[in-house]
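In our numbering, the protein residues as written are 1 to 141.
No residue lacks a Cβ here, since even glycine has one placed at the ideal position from N, Cα and C.
Predicted model only: the values in this text are computed from it and were never measured.
Put into structure tokens, the structure is as follows:
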């Protein structure tokens, strides 16, 4: 089966982090299990529909039973699987802490920079192991 055969005409993808395992208030359409060149994603992708008919793809980062450790998340497979169903924009949620006292538990924060503490733990690029020389900046995500 090719990645093209998974296409579902879904433009928006949501990756749920710890505590966000589904999207409430949406109509369930189907679950899609996508195989990618990087393996399986964290779980099946749930396709749901908003009241105005827009479709959204949802994927739980740590799997449906929260069984995938952070260092074992197959990010490349997750992104490739969402792309395979048609996703063009991803909104990803994470439960993290802060070193700033003014940011309290429960606050919603949009970040513009991150520190990658997983470097060297897993493949960090779609180009890793392909023999393709590519420059993918991480400085301005």
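Span separating the alpha-carbon of residue i from that of residue j
i: residue 29; j: residue 56; result: 10 Å
i: residue 53; j: residue 92; result: 22 Å
i: residue 126; j: residue 65; result: 27 Å
i: residue 108; j: residue 50; result: 23 Å
8 Å contact criterion, which residue i and residue j should meet: CB distance rounded
i: residue 78; j: residue 41; result: 4 Å
i: residue 21; j: residue 84; result: Between residue 84 and residue 21 the Cβ distance is about 21 Å, and since that is not below 8 Å, they are no contact.
i: residue 76; j: residue 38; result: 4 Å
i: residue 17; j: residue 95; result: 5 Å
Test item: CB-CB of residue i and residue j under 7 Å
i: residue 12; j: residue 89; result: yes
i: residue 43; j: residue 19; result: no
i: residue 36; j: residue 80; result: yes
i: residue 154; j: residue 48; result: Absent from the model: residue 154. The displayed extent of the chain is 1 to 141, so no value can be given.
i: residue 87; j: residue 10; result: yes
Spatial neighbours of residue i in its chain, beta-carbon cut-off 6 Å, leaving aside the 5 residues before and after
i: residue 58; result: 14, 23 and 46
Chain-order list of residues whose beta-carbon lies under 8 Å from that of residue i (same chain, five-residue window excluded)
i: residue 129; result: 123
| said: Suppose only complete runs of 4+ residues qualify. What are the alpha helix (DSSP H) ranges in the segment 3-90, listed by chain order? | reply: The segment 3-90 contains these whole alpha helix (DSSP H) runs: 75-84.
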